[in-house]
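*Asks:* So the sequence lines, in the order shown, correspond to chains A and B. Numbering-wise, numbering that gives the first Met the number 0 puts 193 at position 194 of the first sequence, and it's gapless, one number per residue. Numbering-wise, numbering that gives the first Met the number 0 puts 72 at position 73 of the second sequence, and it's gapless, one number per residue. Note that CB positions come from ideal geometry on N, CA and C, so glycine has one too. Just so you know, these numbers come straight off a predicted model, no measurement behind them.
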Amino acid sequence: MRLKYPCCLIPKSYYKDCMDMNKIAALKRPCVVRSSSKPFNETFNIETDTLREDIIFPKEIMGLSLNLIGGKLHLRHLKYRAKGSAMKEWRKPEKTTIKKYQNSFEKTKIAVPIYFYLKDINNKPFPYYRTKDSEAQKLIKALNINPPATDDKFIFEGQCFVKHTPNKINYWHVEMFLDDINKAEITPKNKSVWARSAATEAYKHIVSGNARSVVEKYSIIPKAEYLEVA
Amino acid sequence: MGSVILSDSEVELYQSDIDDDSLRKYILVAAMVGCFSEAPKIQAATYSANQIELKLQEINGSFDIEKYIDISKAFKIQNDSEQSVEFKNMSIISPKIDKEFEKYSNYIEKDISSAKAEATGVAKVIAQIKFDKISVELTPSNTIKFTLTFDKEKMLMVTYPFDTIEGVNKGDVVFSVFVNRKHIASDSMNLTDLVAGFNNFLSV
Numbered sequence: 000m001r002l003k004y005p006c007c008l009i010p011k012s013y014y015k016d017c018m019d020m021n022k023i024a025a026l027k028r029p030c031v032v033r034s035s036s037k038p039f040n041e042t043f044n045i046e047t048d049t050l051r052e053d054i055i056f057p058k059e060i061m062g063l064s065l066n067l068i069g070g071k072l073h074l075r076h077l078k079y080r081a082k083g084s085a086m087k088e089w090r091k092p093e094k095t096t097i098k099k100y101q102n103s104f105e106k107t108k109i110a111v112p113i114y115f116y117l118k119d120i121n122n123k124p125f126p127y128y129r130t131k132d133s134e135a136q137k138l139i140k141a142l143n144i145n146p147p148a149t150d151d152k153f154i155f156e157g158q159c160f161v162k163h164t165p166n167k168i169n170y171w172h173v174e175m176f177l178d179d180i181n182k183a184e185i186t187p188k189n190k191s192v193w194a195r196s197a198a199t200e201a202y203k204h205i206v207s208g209n210a211r212s213v214v215e216k217y218s219i220i221p222k223a224e225y226l227e228v229a
Numbered sequence: 000m001g002s003v004i005l006s007d008s009e010v011e012l013y014q015s016d017i018d019d020d021s022l023r024k025y026i027l028v029a030a031m032v033g034c035f036s037e038a039p040k041i042q043a044a045t046y047s048a049n050q051i052e053l054k055l056q057e058i059n060g061s062f063d064i065e066k067y068i069d070i071s072k073a074f075k076i077q078n079d080s081e082q083s084v085e086f087k088n089m090s091i092i093s094p095k096i097d098k099e100f101e102k103y104s105n106y107i108e109k110d111i112s113s114a115k116a117e118a119t120g121v122a123k124v125i126a127q128i129k130f131d132k133i134s135v136e137l138t139p140s141n142t143i144k145f146t147l148t149f150d151k152e153k154m155l156m157v158t159y160p161f162d163t164i165e166g167v168n169k170g171d172v173v174f175s176v177f178v179n180r181k182h183i184a185s186d187s188m189n190l191t192d193l194v195a196g197f198n199n200f201l202s203v
């Protein structure tokens, strides 16, 4: 049987290429959400309303998939997940139809929402540690900074931010990214010790305390933020 | 039932005018560390990194107190209210540890029974904190994480690694403190010091 996909999520040619997440973050309570395919009591520690660490791993937060709610995406849509070619980036003015991606999405049985207020995770600094090697010394010289340090490591400040990354069948898809002190993206491909430390510290400082199982309210996204001509 | 926590490194002889109730506890402790041949009834004893904790039944009335005043100045006798907090908290934490080990022991990269004993030792120190709610989880990083909440505002996360990890001394824990979900501090340190420090923080 063919699965039906909620067409309201599909990017439209009259949508903006990319929403400005800083403008959206300036709304009262903008919210992003990730879904867990595990039951609620295996997703959250119920007593303390905190996310279990086996639901989002620290190394996953570089490029962590999230969805902006308050526009056309509603909680009932969290069961739908793009896969394969549908996960590729959508660029205006491309017209997409679900017919083309009929085999590129799935519907999960369980979709427990994990909420983050955008303000809690966007443009948030976090510390990370880098061994006092020649590369780190070069960076310090180039940036003309004097970072705090331990005996053998410098303490740098990275930045966590959220970027709008619509895919072929979900305009409301956003991702979490980490930048290093030089404003360069830290990617999962970077296997260095300091990059791993950055992911762990960002997880500790930003993700673990801010994941919520419920939110009281969230902002409606004004049409001006996503329609090309409001 | 009483509870005594002592440093196992500073045993010395000492005579005191402490009240009888405390004295009996001291003697039970001293008995446990080998000062006496006649060990009174000892219900349970567990060992953690720097401490020995004894859970004791009431001493036998015929025990000759005068003969055995042989104890450490370093013994820290907890008052009754602290004891009741610790025991009450352990009654909350222990079933959670059991449940996690039943369900997620595949995350642990060492002998499960020794990991569980370590986890229980850590829990007994954490139980000295007066929390409102607590959750316990085994994580895929081969750690056990305790999350404690206080007054709906403060939150403490304590992670104990079952194996050594870079930047953390063996036996230490990694902790994070949040106020209104905002991260305010993280570090790694000795658990006993953390508990003492955090109790001070809560009392401010």
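Of the choices E200/A, P10/A, A210/A, whose alpha-carbon is the least far from that of F125/A?
*Replies:* E200/A
*Asks:* Would the beta-carbon of F145/B fall within 8 Å of that of A114/B?
*Replies:* Not a contact, by the Cβ cut-off of 8 Å.
*Asks:* Which of helix, strand or coil does DSSP assign to V111/A?
*Replies:* strand
*Asks:* Quick one: is E258/B near chain A, going by C-beta distance under 8 Å?
*Replies:* The structure shown does not extend to residue 258/B, since chain B spans only 0 to 203, so no value can be given for it.
*Asks:* Can you give me the C-alpha to C-alpha distance between Y202/A and I60/A, rounded to a whole angstrom?
*Replies:* 7 Å
*Asks:* By the DSSP assignment, the beta strand (DSSP E) with T146/B in it spans what residues?
*Replies:* Bounds of the beta strand (DSSP E) holding T146/B are 142-149.
*Asks:* Using the Cα positions of K37/A and T138/B, report the straight-line distance between them to the nearest angstrom.
*Replies:* 15 Å
*Asks:* Can you tell me where the alpha helix (DSSP H) holding F197/B begins and where it ends?
*Replies:* 190-202
*Asks:* In angstroms with no decimal places, state the Cα-to-Cα distance between S34/A and D171/B.
*Replies:* 34 Å
*Asks:* Going by DSSP, what residues sit across from T163/B in a beta bridge?
*Replies:* BP columns for T163/B are empty, so no partner.
*Asks:* Give the straight-line distance between the Cα atoms of E101/B and R180/B, rounded to the nearest whole angstrom.
*Replies:* Computed Cα separation, rounded: 30 Å.
*Asks:* Going by C-alpha distance, which of D97/B, I143/B, F177/B, H182/B is nearest D150/B?
*Replies:* Comparing Cα positions, the closest option is F177/B.
*Asks:* What's the C-alpha gap between N21/A and G120/B?
*Replies:* 47 Å
*Asks:* Does any CB atom of chain B fall closer than 8 Å to the CB of G208/A?
*Replies:* yes
*Asks:* Give a yes or no on whether the minimum CB-CB distance between F200/B and chain A is below 8 Å.
*Replies:* no
*Asks:* Within 8 Å (strictly less), CB to CB, does I41/B reach chain A?
*Replies:* Low confidence applies here, because I41/B scores a pLDDT of 37, under 50, leaving its location unreliable; read the following figure in that light. Closer than 8 Å: no.
*Asks:* Could you spell out where the alpha helix (DSSP H) holding M120/A opens and where it closes?
*Replies:* For the sequence presented, residue 120/A should be read as Ile rather than Met. Where I120/A is concerned, the enclosing alpha helix (DSSP H) stretches over 117-120.
*Asks:* Tell me the rounded alpha-carbon separation between K137/A and A24/A.
*Replies:* Spanning the two alpha carbons is a distance of roughly 35 Å.
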